[in-house]
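What follows is one structure encoded as structure tokens, with my remarks underneath.
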Amino acid sequence: MKERAGGESRVAASAETVRKFIALGAEVAVEKGAGIAAAIPDAAYAEAGASVGTAAVTAKDADIMLGIQAPDLKLIKGAKKGAMVAALFDPFGAPKLVEAYAKAGFEALSMEFMPRITRAQSMDVLSSQSNLAGYKAVIAAADTYGRAFPMMMTAAGTVQAARCFVMGVGVAGLQAIATARRLGAQVSATDVRSATKEQIESLGAKPVFVEEVAGIEGEGSGGYATEMSEEYQKAQAELVSSHIAKQDIVITTALIPGRAAPRLISDAQIKTMKPGSVIFDLATSQGGNVEGSKPDEIVMKHGVAIMGYANTPAHLPADASALFARNHYNFLSAFWDEETGGPVLDEEIGDAVRLTKGGKIVNERLNA
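Put into structure tokens, the structure is as follows:
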């Protein structure tokens, strides 16, 4: 389906995955113009073997529908009863949408609920998209920053390397560290999970950690970060305050599934930074890690530029679409049954991502 959410430039299928689904025995239909923003013309889908038509034609009698953002129910009303819809549903933030899908009788499969286990790594859209987001955050910050990143020794004098601090060392954070290092910055990073210290060092960056708050590892189920105790938050704030004042670029990446983004940087801390510094907040869509940050705006505070996109991966639509499409294919093909001509999901992954089935909300995370 063609994406209709504001600012969404990605598409859920590529010519590559269309060919692969057809090789499995599926018939594939793509809405006209679905891939234009991601540099995939309709002709590429047609050459791959898909039929290209209107939204109504695309959805008619469909057994499985793929999207980036969950499509409006009006667009897919022609699909078969009980059809699977695999997309981003924002289950905690959009409960009415989940209820509507249940009422409509569709089997909603939330790609952001993919469990972080070894065999599901190739299906994990949050990881594939976060990887690109971490890269884009540094590139965008570098473009806004009024100075060079690497040290430059010239006849006119030496340009000092920029100092870049990455807060949150998940997939996005690790890519941000690697990208800033490639651009020549002096990079440091911090995270609430002590296990990330070695990862930071392996990328050539300096780890910045609270050392004397015992018994707090910060890692919840599935490898996601959890909220910290007041003691840890206080110690972390003090450490960050002294470190952040020396930084030129700060990238914040902290997100907690189903909750507002944790506040990492206050107005008082921003005030200590040098004029011309840049903060890129990757969590603006969930309330932001930085006080005063706004999605898709550059906010100037105390001479510091605070920026962030509501949908960072959509700023790299071609690569983001290619990876998202492969996530979709890897997910469904892993459970493809030749006899039924479609996927038969198992309990471990199927129950984790399935939100609705048989007219009911069935996911235990939503029914808890």
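Read in order, the letters of the sequence shown correspond to residues 16 to 383 in this note's numbering.
Beta carbons: idealized from backbone N, C-alpha and C, even for Gly.
Taking the C-beta atoms as reference points, residue 288 is found no nearer than 8 Å to residue 251. Of all alpha-carbon atoms in 61, 122 and 146, the one lying nearest the alpha-carbon of residue 335 is that of 146.
The C-beta of residue 210 has fewer than 16 other C-beta atoms within 10 Å across all chains shown, which makes the residue exposed. Residue 36 sits in a helix when the DSSP states are folded into three classes. For residue 59, the CB contacts under 8 Å within the same chain, skipping 5 residues up- and downstream, are 30 and 50 in chain order.
Straight-line measurement puts the Cα of residue 381 at about 30 Å from the Cα of residue 73. Residue range 122-125 is occupied by the beta strand (DSSP E) that includes residue 124.
Less than 8 Å separates the beta-carbon of residue 71 from that of residue 93. In this structure residue 313 is exposed. Its beta-carbon is surrounded by fewer than 16 other beta-carbon atoms within 10 angstroms. Here residue 342 has 138, 140 and 143 as same chain residues with Cβ atoms under 6 Å from its own Cβ, once five neighbours each way along the sequence are excluded. In this chain, the alpha helix (DSSP H) harbouring residue 347 covers 332-348.
Within the stretch 91-155, the runs of beta strand (DSSP E) that reach at least 3 residues and sit entirely inside it are, in chain order, 99-103 and 122-125. Per DSSP, reduced to three states, the secondary structure at residue 380 is helical. A check of alpha carbon separations from residue 47 across 57, 189, 299 and 41 identifies 57 as the nearest. Judged by DSSP secondary structure, residue 201 falls within the beta strand (DSSP E) whose first and last residues are 201-205. Closest by C-alpha distance to residue 173, out of 179, 181, 162 and 180, is 162. By the beta-carbon neighbour count (other beta carbons within 10 angstroms, threshold 16), residue 17 is buried. Per DSSP, the beta-bridge partners of residue 372 are 375.
Contact check for residue 115 against residue 100 fails: the beta carbons are separated by 8 Å or more. In the displayed model, residue 157 falls within a helix according to three-state DSSP. Taking a cut-off of 8 Å for Cβ pairs, the stretch 310-330 and the stretch 277-291 touch, as three or more such pairs fall below it.
Contact between residue 275 and residue 307 is absent: CB atoms are separated by about 15 Å, not below the 8 Å threshold.
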